[in-house]
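In our numbering, the protein residues as written are 5 to 774.
Glycine is no exception: its CB is placed at the ideal position from the N, C-alpha and C atoms.
Down below is the structure, laid out as structure tokens.
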Amino acid sequence: MDEARRSEQHYLTRLYGRLDALRGETQERLDSVLAATGLGHQGLAERDVAAAELARRLNRLESAETGLCFGRLDMRDEERRYIGRIGILDGSAECEPLLIDWRAPAARPFYVATAVSHENVRRRRHIRTRGRQVIGVQDEELEGTAEISGDGALMDALLDALDAARTGRMSDIVATIQAEQDEIIRSPHAGVLVVQGGPGTGKTAVALHRAAYLLYTHRERLARSVVLVIGPSPTFLRYIGDVLPALGETSVLTATVAELFPGVRAVGAEPSATAELKGRPVMAEVIAAAVAARQGPSGEEGFEVPHEGSVLRLGPEECRRLRDTARSWRLPHNEARPLVHELFLDALAHRHAERYGTDVIDGSSLLTEADLETIRAELDGSREVAAALEEFWPLLSPQRLLAELFSSPARLAAAAPGLTPAERALLLRGPHRRWTPADVPLLDEAAELLGSDDSAARAAAAAEREERVRLAQEALDVALGSRGTDIEDDVDPGEAEELSPFDLVDAETLAERHEERDHREQARRAAADRTWAFGHVVVDEAQELSAMAWRLVMRRCPARSLTIVGDIAQTGDPGGAPSWERMLAPHVGRRFRLAELSVNYRLPAEIAEVAAHVLRRIDPARTAPRAVRATGVRPWRCAVPPERLTGAVAECAARECAGQGAGLVGVIAPAARLPELRAAVADAAPAGRVEVLDPRTAKGLEYDAVLVVDPDGIVAESPRGLSDLYVALTRATQRLGVVHSGRPPADLPPLRRVAAEELRAAGPPASGRG
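Structure follows, in structure tokens:
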């Protein structure tokens, strides 16, 4: 071991020693808090809060075990800074920093300093570790006057990470963040930041590290309000699931749009044309019209309510007046219902009074206000009146509203006159069909318009609180009475006055201390609350969201603090974004910042060239990100007879798994081919090594090797099939093969042709750095 590695090993051992000590201290404090006994209700609540905070702190310390320290800065003023996952102080009275958190301002020069803009750095040292051992040290001297070229400045750590076999889970990039990525990660918190990045630019990693950075700089507020990360699919969320916990951040909720309506599992399937229609902005008008149609009488015949053997009738004009009065309050439908109930009872009571309480000679009323109140009370207890009110202004859930709307051609025609009969037919469904992901934004829209009638719950809560205060007062009265009635006469002036519970607390305060509180983690509470206002929202693969989905997302973040990442060229959903401007205009106008990532780290140059050909077909004006490495392995294609396609793909997948540099293999094919391909690959390839998926599900994922199956079928399967093909071609970090039948794929450049027999005999070419 050379002197530099020996020196860094000594320091790393010291850091891990301090880390172990901090863990031990935190664990001891946590055990002490949890072991506390004899606590009252308030004490138990405080114990739970303290335990949760200590558990979070312990989790952050545990998460720093791997890759604790990865860099050192030697400043020009002789200061030395070690950079790592967390900040660690030496424990002395001076609290000297042993390790600086990668998110701290003092760590920024590690990512951005160059020979031209040195940030007061003399030397930057990259420290590579495996476990608690230093395995490599690389120094960059920044004393010169010429800036190092972009390719030559790439760190060995970055190249090692790019060439390493995939594990099926995304890793953090704290040790390899590049300057353009760092600028976005540390971008100011306020407002909407859009990160446009082509395949392989690391936009997902940048977005997640930006979330971690914001939690570091605004911890108290964002930990309380929670950061929401929205991904395109459950597969994608599993793929990124380790990144933020590895950075010690747990105040984060990850979800797809389909998971953002508590209580609904949106796992149903539907035609893409139906999903696209449900995503259009016009659906907001359809939902609003459907709610309005459930308010007041549906026809011109007025309203009749059976009561005591006769019928109380409200004319159409009076019904419209009641409805319009209720609408003028601008309350959500269900929240207006108790007030509508009062108006309805008043109208029926006056109708009853007119019939039975009118002087036959002069027509004047014979009933007093007290008589009217008695009549109202009788009507209020009538089942017939309750049924009439339900018909006049029903209590609606979003699920009921949409189920009844989409199962009734008449209701749908009334609510959506602007849609064609064919479009309305796409929306019709059985009353008990499963909800789909495209239904979730519609349910959310309905929930916003309906609100909730919580008057009964509020009344019950008020009654419960009143009872707690009564019991608390009784307890205080007993405590005071136990002192005797003549205590003041018996007090010795030389003795200290004895305080009673009554002297220290009143009944309301005592009742509050016995109130049940919700001590769940903030992220769990946020997941269960549709109205939760998140402090910051990250949207990945944002180009796929429909207009209705964006309405849902913006409701979750009223402060409009968002990081939006994606690539317009990869838009595959028919209802997705044609441009960032059109997508965001209804919500923030032009008040957003656009940042672009221009360097492709994932794709080798050989694969990037193939993808760039497809990108030019999608939009000739777009420029592909610049690839920074080559492997020397050219993409290939293999043509087989149609009846041999499935078997050939399985054979190729098996050979990829057995070849040199083997890792994870992705087989990306048209959705219609997936069942047969999955069965064939499962029989031929090792378990857990190959994933068979369509381009939509593959979005955001990466594999060591990718087999693109039937490219022409991928293009033909969707109106935005070229974008889907672009996604499929850009998932590989090392090797790319294309398996097809018939003529060469129309949308690909000429590829090296390989016979099926050659692949079976020799396997895929070995990869290596170029």
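Task: Opposing strand residues paired with residue 596 [DSSP bridges] - done: 196
- [ ] Determine the DSSP secondary structure at residue 584, reduced to helix, strand or coil.
- [x] helix
Open item on the list: Tell me which residue opens and which closes the beta strand (DSSP E) that residue 88 is part of.
Closed with: 84-88
Open item on the list: According to DSSP, residue 237 sits in a beta bridge with which residue or residues?
Closed with: BP columns for residue 237 are empty, so no partner.
- [ ] Count the other C-beta atoms from every protein chain shown that fall within 10 angstroms of the C-beta of residue 333, then say buried if there are 16 or more, exposed otherwise.
- [x] exposed
Open item on the list: Rounding to the nearest angstrom, what Cα-Cα distance links residue 635 and residue 711 in this structure?
Closed with: 17 Å
Open item on the list: According to DSSP, residue 540 sits in a beta bridge with which residue or residues?
Closed with: 231
Task: Nearest to residue 525 (by Cα), restricted to the options 452, 679 and 254 - done: 254
Open item on the list: Can you list, in chain order, the residues of its chain with a C-beta nearer than 6 Å to that of residue 136? Leave out the 5 residues immediately preceding and following it.
Closed with: 20
- [ ] Compare the beta carbon distance of residue 660 and residue 653 with 8 Å and say whether it is the shorter of the two.
- [x] no
TODO: Assuming residue 352 and residue 316 form a contact by the criterion Cβ under 8 Å, report the distance between their Cβ atoms to the nearest whole angstrom.
DONE: 5 Å
Open item on the list: residue 538 and residue 232 - do their beta-carbons sit closer together than 8 Å?
Closed with: yes
Open item on the list: Quick check on residue 309: does DSSP put it in helix, strand or coil?
Closed with: strand
Open item on the list: If you follow the beta strand (DSSP E) that residue 101 is in, where does it begin and where does it stop?
Closed with: 101-105
TODO: Inspect the beta-carbon positions of residue 681 and residue 701 and report whether they are closer than 8 Å.
DONE: no
Task: Which of helix, strand or coil DSSP assigns to residue 174 - done: coil
- [ ] Could you tell me whether the stretch 68-80 touches the stretch 124-133, where touching means 3 or more Cβ pairs closer than 8 Å?
- [x] yes
Open item on the list: Checking 8 Å against the spacing of the C-beta atoms, do residue 261 and residue 445 come in under that value?
Closed with: yes
Task: Local conformation of residue 708 per DSSP, three classes - done: strand
Open item on the list: Under DSSP, the beta strand (DSSP E) around residue 440 begins and ends at which residues?
Closed with: Careful: residue 440 lies outside any beta strand (DSSP E) and carries neither H nor E.
Task: Sequence ranges, beta strand (DSSP E) only - wholly within the stretch 385-458, length at least 3 - done: none
Task: Other residues of its chain near residue 123: CB distance less than 8 Å, five sequence neighbours each side excluded - done: 112, 113, 116 and 117
Task: Residues that DSSP places opposite residue 258 in a beta bridge - done: 233
Task: Three-state class that DSSP yields for residue 11 in the structure shown - done: helix
Open item on the list: Let me make sure I understand the geometry here. Which of 382, 350, 207 and 56 has the alpha-carbon closest to that of residue 30?
Closed with: 56
Task: DSSP-derived helix/strand/coil call for residue 314 - done: strand
Open item on the list: In this structure, how does DSSP classify residue 642 when only helix, strand and coil are distinguished?
Closed with: strand
Open item on the list: Quick test of your reading: residue 405 and residue 442, contact by CB under 8 Å. State the CB separation rounded to the nearest angstrom.
Closed with: Incorrect: roughly 16 Å between the Cβ atoms, too far for contact.
Task: First through last residue of the beta strand (DSSP E) which encompasses residue 743 - done: 736-744
Open item on the list: Measuring only the C-alpha atoms, how far is residue 631 from residue 614?
Closed with: 12 Å
- [ ] Can you grab the Cα-Cα spacing for the pair residue 706 / residue 402, in whole Å?
- [x] 38 Å
Task: Unbroken beta strand (DSSP E) run spanning residue 208, endpoints - done: Where residue 208 is concerned, there is no enclosing beta strand (DSSP E), although the alpha helix (DSSP H) it sits in stretches over 207-221.
TODO: Excluding the 5 residues preceding and the 5 following residue 545 in the sequence, name in chain order all residues of the same chain whose CB lies nearer than 6 Å to its CB.
DONE: 236, 570, 703 and 704
Task: Inter-stretch contact (C-beta, 8 Å, three-pair minimum) for the stretch 292-307 and the stretch 316-325 - done: yes
Task: The beta strand (DSSP E) enclosing residue 561, as first and last residue numbers - done: No beta strand (DSSP E) holds residue 561; DSSP gives it neither H nor E.
Open item on the list: Could you check whether residue 611 and residue 582 sit closer than 8 Å to each other, using their CB atoms as the reference points?
Closed with: no
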